[in-house]
Amino acid sequence: MIRGDVCRAALDPTQGSEQAGTRPVVVVSRDAINKFSPVLIVVPFTDRQNKTRIYPHHVEIKAGEGGLTTDSIALCEQVRAVAASRLMGPIGHLSNQRISQINAALKIALDLPGGHAFCA
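The working numbering numbers the first residue of the sequence shown as 1 and each following residue consecutively.
Laid out in structure tokens, this is it:
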């Protein structure tokens, strides 16, 4: 797996409002980690139809991009580490433009330098 790969991931078991089930995720950990670590950092997607509001820490992805079959939203506030054994794929890869948008959304979600947004 490399950064920007989209794969399906078995995310259960979960608790509370964590994204659950088998769903697409994008790998966001750096390639040096992905090459040697049994744990990768991913951002899960949700179906676009399930969200009524898009926040600055969300990135909309259209069906067909990165191998996704439905319009989806990358939920960057739900970034998490998962065992590589949970990942199936890859099914596709996101463009550099989309990766840049996810980078910006992660900065907002994690309150990193350069991540400026007003969230009401």
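Just so you know, even glycine gets a beta-carbon here, dropped at the ideal spot from N, CA and C. Being a predicted model, the structure only gives us computed values, none of them experimental.
Distance, residue j Cα to residue i Cα
i, j, result
"S37", "L75", "23 angstroms"
"I33", "R53", "33 angstroms"
"G66", "A109", "22 angstroms"
"A120", "Q78", "Note on A120: pLDDT 46, under 50, position unreliable in the model; no value is reported."
"L94", "S72", "13 angstroms"
"G89", "M1", "8 angstroms"
"I91", "L68", "8 angstroms"
"V6", "A83", "15 angstroms"
"P56", "D47", "17 angstroms"
As assigned by DSSP and simplified to three states, the class of residue i
i, result
"R3", "coil"
"A40", "Position check: residue 40 holds Leu in this sequence, whereas Ala was assumed. DSSP places L40 in strand when its eight states are reduced to three."
"A32", "helix"
"A109", "helix"
"A20", "coil"
Residues that residue i bridges to, as DSSP identifies them
i, result
"R53", "Answer by DSSP bridge pairing: none, since R53 is not bridged."
#### Entry: Given 8 angstroms, three or more beta-carbon pairs between the segment 26-46 and the segment 110-117
With the cut-off at 8 angstroms, the segment 26-46 and the segment 110-117 do not touch.
### Query
Can at least three beta-carbon pairs, one atom from the segment 5-13 and one from the segment 100-107, be found at a separation below 8 angstroms?
No: the two stretches stay apart, fewer than three of their Cβ pairs being nearer than 8 angstroms.
#### Entry: Secondary structure, beta strand (DSSP E): runs of 3+ residues fully inside the segment 59-97
Entirely contained in the segment 59-97, the beta strand (DSSP E) runs reaching 3 residues are, in chain order, 72-75, 80-83 and 87-93.
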